[in-house]
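**Student:**
Numbering (full-length UniProt numbering), first residue to last: 1 to 519.
See below:
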């Protein structure tokens with residue numbers, strides 16, 4: 001099976017149903033597919049060929065759906081760019097994937113134009129400006145019926161780039177379908193005509209729900225930015241049934257004063273992903289929106305591997321703590337804990353090590369990067385996640401931290417995420433990051449950087465004492481931060497919303513030629 005053929009079939013069988021909603025604009029499946037066909041013919045007429053890679057920089061919109069469908073119709077390989085990336089990252093993503101085309105919305109054109117001009121291999125650059133609709137209408141409406149194999153490349157998504165240059169992860173048509181199918185495995189079945197809300201870009205995380213919604217005859221509802229009031233309005237007025245949120249979005253929605261007075265009677269699933277979630281946010285989300293929260297675990301390189309719904313997430317299980325876990329392995333995925341020093345060796349249940357996963361929705365390797373592939377894949381085809389975790393006796397997975405972020409203080413291993421989860425339970429803390437700083441005696445020591453309400457009137461000295469005491473009480477004295485620093489601005493994050501601990505850590509290591517100090 002291939003994405004193109006399945007989208008074409010759904011467009012035929014659901015022709016009169018609503019497929020796309022963006023603001024006041026609505027398209028039926030027939031209308032959306034027609035625009036996709038015209039987009040495909042326009043790109044092919046411009047000289048692009050099936051299997052060519054085409055970069056895209058855009059926000060959610062009707063036009064974004066044009067390219068989502070049009071690339072599939074033409075057999076092109078989408079290479080989404082991140083709107084918040086630097087020009088250097090744009091250049092890297094386009095050049096190392098050998099893109100011959102680029103599609104960009106008008107509001108991003110000025111940012112990407114210098115990059116495009118420096119890449120002569122870009123033979124086709126389409127800016128969706130004021131002339132776009134006339135250009136689209138002038139293209140042929142005859143489906144070119146490009147032949148696509150299930151093993152042809154469909155999309156190249158990039159890792160967040162928190163440890164260096166972003167690496168390309170290519171999905172075939174087959175693996176993209178598998179990833180979407182497995183995301184929906186534990187969800188209540190989607191009925192034709194139900195709606196899925198996309199607050200985040202469909203070119204990225206939320207896109208995993210986009211294709212299954214189209215194939216189910218559902219309506220994809222698009223927002224081009226996140227605003228709590230607008231999002232709550234759309235959830236209520238459009239009768240949203242499914243949606244994807246990162247924890248920070250869920251927190252903002254659940255805390256809005258109007259959240260508890262709205263109608264969510266058609267809401268079935270809020271899929272949480274993209275970053276760890278605190279107990280407080282999960283419990284508050286459940287209190288406000290009901291038993292609709294689902295949590296999954298995976299990464300761009302391989303997903304999904306774990307999934308759990310509200311009945312399991314908020315349950316009591318002897319020997320386990322589902323609330324603090326990432327769930328259990330899906331029936332069609334392998335999940336193991338490997339020795340961080342010898343990743344070919346699987347560890348016993350209960351031991352801490354590197355999480356290794358294998359599933360139908362995983363990469364075969366990084367795009368034209370054999371060295372990085374060799375570092376991240378085992379001889380038996382498992383993807384090494386770079387996350388440290390453990391499995392308990394009931395097979396619940398606990399993600400302790402990124403392997404590279406581990407703090408070794410006085411011979412003790414300290415995982416920043418473990419501290420951050422505790423610190424964020426303090427009501428005055430909005431965001432928290434724990435990083436290693438040099439320590440003359442212990443080599444390195446953890447400190448906590450906390451974003452607090454700048455309008456608040458908290459006693460900083462007292463707040464620091466409370467946070468350190470909280471960590472000592474929950475985790476033991478040796479894991480408590482040596483000090484706490486407060487920030488009045490949100491902490492820096494990568495383009496995909498991940499906390500950038502390394503950016504926060506670097507100033508403390510200026511002048512050191514390595515990231516361990518002391519004797």
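Where a beta carbon is used, it is the ideal one built from N, C-alpha and C, also for glycine.
1) Could you give the DSSP three-state label for residue 163: helix, strand or coil?
2) Buried or exposed for residue 546, please, with buried defined as at least 16 other CB atoms from any protein chain shown within 10 angstroms of its CB.
3) Since residue 211 and residue 3 should fall inside the 8 Å C-beta cutoff, what is the C-beta to C-beta distance between them, to a whole number of angstroms?
4) Please work out which residues of its chain come closer than 6 Å, Cβ to Cβ, to residue 291, disregarding the five sequence neighbours upstream and downstream, and give them in chain order.
5) When the Cα atoms are used, what is the spatial distance from residue 225 to residue 83?
6) For residue 52, tell me which candidate among 102, 289, 345 and 142 has the shortest Cα-Cα distance.
7) Helix or strand or just coil, what does DSSP make of residue 12?
8) Which residue wins for smallest C-alpha separation from residue 274, given the options 41, 17, 29 and 499?
9) Where does residue 489 sit, in a helix, a strand or coil, going by DSSP?
10) For residue 385, count the other beta carbons within 10 Å of its own beta carbon; 16 or more makes it buried, fewer makes it exposed. Which is it?
11) Mapping the DSSP letters down to three states, classify residue 412 as helix, strand or coil.
12) Where in the stretch 28-77 do unbroken runs of the alpha helix (DSSP H), each at least 4 residues long, occur, reported from the N-terminal end onward?
13) If you run the structure through DSSP and keep just helix, strand and coil, what is residue 247?
14) Can you round the beta-carbon distance between residue 454 and residue 409 to whole angstroms, since I take them to be within the 8 Å contact cut?
15) Quick check: the Cα distance between residue 7 and residue 214, rounded to an integer number of angstroms?
16) Express the C-alpha separation of residue 198 and residue 233 in angstroms, rounding to a whole number.
17) Going by beta-carbon coordinates alone, are residue 121 and residue 145 separated by less than 8 Å?
18) Using 10 angstroms around the beta-carbon of residue 229, count the other beta-carbons present and answer buried if the total reaches 16, otherwise exposed.
19) Among residues of its own chain, excluding the 5 on either side of residue 279, which ones have a beta-carbon nearer than 8 Å to its beta-carbon?
20) Considering only the beta carbon of each residue, do residue 221 and residue 297 sit closer than 8 Å?
21) Grab the span of the alpha helix (DSSP H) containing residue 132 for me, first residue to last.
22) List the endpoints of the continuous beta strand (DSSP E) containing residue 95.
23) For residue 519, which three-state DSSP category applies?
24) Could you tell me which uninterrupted alpha helix (DSSP H) segments, each at least 4 residues in length, are contained entirely in the stretch 426-492, listed from first to last along the chain?
25) Just confirm the distance between the C-beta atoms of residue 463 and residue 487, as a whole number of angstroms; I'd bet it's less than 8 Å.
26) Which whole runs of the alpha helix (DSSP H) in the stretch 169-203 are 4 residues long or more, in chain order?
27) Leaving out the 5 sequence neighbours to the left and right, which residues in its chain are closer than 7 Å to residue 339 when beta-carbon positions are compared?
28) Taking one C-beta from the stretch 423-439 and one from the stretch 490-508 each time, how about it: are there three or more such pairs within less than 8 Å?
29) In the DSSP assignment, what residue or residues form a beta bridge with residue 329?
30) Can you have a look at residue 55 and say buried or exposed, based on whether 16 or more other CB atoms are within 10 angstroms of its CB?
31) Could you have a look at residue 349 and say whether DSSP puts it in helix, strand or coil?
32) Measure how close the beta-carbons of residue 195 and residue 217 come, nearest whole angstrom, since I'm counting them as under 8 Å.
**Tutor:** Answer, in terms of the structure:
1) Confidence in residue 163 is poor, its pLDDT being 44 and thus under 50, which makes the residue's placement unreliable; the coordinate value appears in the next sentence. Here residue 163 sits in coil by DSSP.
2) One cannot answer for residue 546 here, as it falls past the ends of the chain, which runs 1 to 519.
3) Between residue 211 and residue 3 the beta-carbon gap is near 6 Å, inside 8 Å, which marks them as a contact.
4) Closer than 6 Å at the Cβ level, and outside the excluded window around residue 291, lie 310.
5) Each residue's alpha carbon lies about 12 Å from the other.
6) With distances taken between Cα atoms, residue 52 lies closest to 102.
7) Here residue 12 sits in helix by DSSP.
8) Nearest in C-alpha terms to residue 274, of all of 41, 17, 29 and 499, is 499.
9) Residue 489 carries a coil assignment under DSSP once its states are collapsed to helix, strand and coil.
10) Residue 385 should be labelled buried.
11) Residue 412 carries a strand assignment under DSSP once its states are collapsed to helix, strand and coil.
12) Annotation: the stretch 28-77 contains the following complete segments of the alpha helix (DSSP H) (minimum length 4 residues), in chain order: 29-45 and 62-74.
13) DSSP, reduced to helix, strand and coil, places residue 247 within a helical segment of the structure shown.
14) Not a contact, Cβ separation roughly 31 Å.
15) Taking the straight line from one Cα to the other gives about 7 Å.
16) Residue 233 and residue 198 have their C-alpha atoms some 14 Å from each other.
17) With contacts defined as CB atoms closer than 8 Å, residue 121 and residue 145 fail to qualify as a contacting pair.
18) So residue 229 counts as exposed.
19) Cβ-Cβ distances below 8 Å link residue 279 to 323, 324, 421 and 425 in the same chain, with the five nearest sequence neighbours on each side left out; the list follows chain order.
20) With respect to residue 297, residue 221 sits apart: the two C-beta atoms are not nearer than 8 Å.
21) Element bounds for residue 132: 132-137.
22) Unbroken run through residue 95 is the alpha helix (DSSP H), 87-96; no beta strand (DSSP E).
23) Residue placement at residue 519 is flagged as unreliable, the pLDDT there being 33, under the threshold of 50; the coordinate-derived value follows with that caveat. It is coil, neither helix nor strand.
24) Within the stretch 426-492, the runs of alpha helix (DSSP H) at least 4 residues long that lie entirely inside it are, in chain order, 460-475.
25) The C-beta distance from residue 463 to residue 487 rounds to 13 Å, too long to fall under 8 Å, and the pair is not in contact.
26) DSSP runs (the alpha helix (DSSP H)) wholly in the stretch 169-203: 173-183.
27) Here the set comprises 345, 347 and 353.
28) Enough Cβ pairs lie closer than 8 Å, so yes.
29) As computed with DSSP, residue 329 is found in a beta bridge with 306.
30) Its Cβ being crowded by 16 or more others within 10 Å, residue 55 is buried.
31) Three-state result, residue 349: coil.
32) At roughly 11 Å, the Cβ-Cβ gap does not stay under 8 Å, so residue 195 and residue 217 are not in contact.
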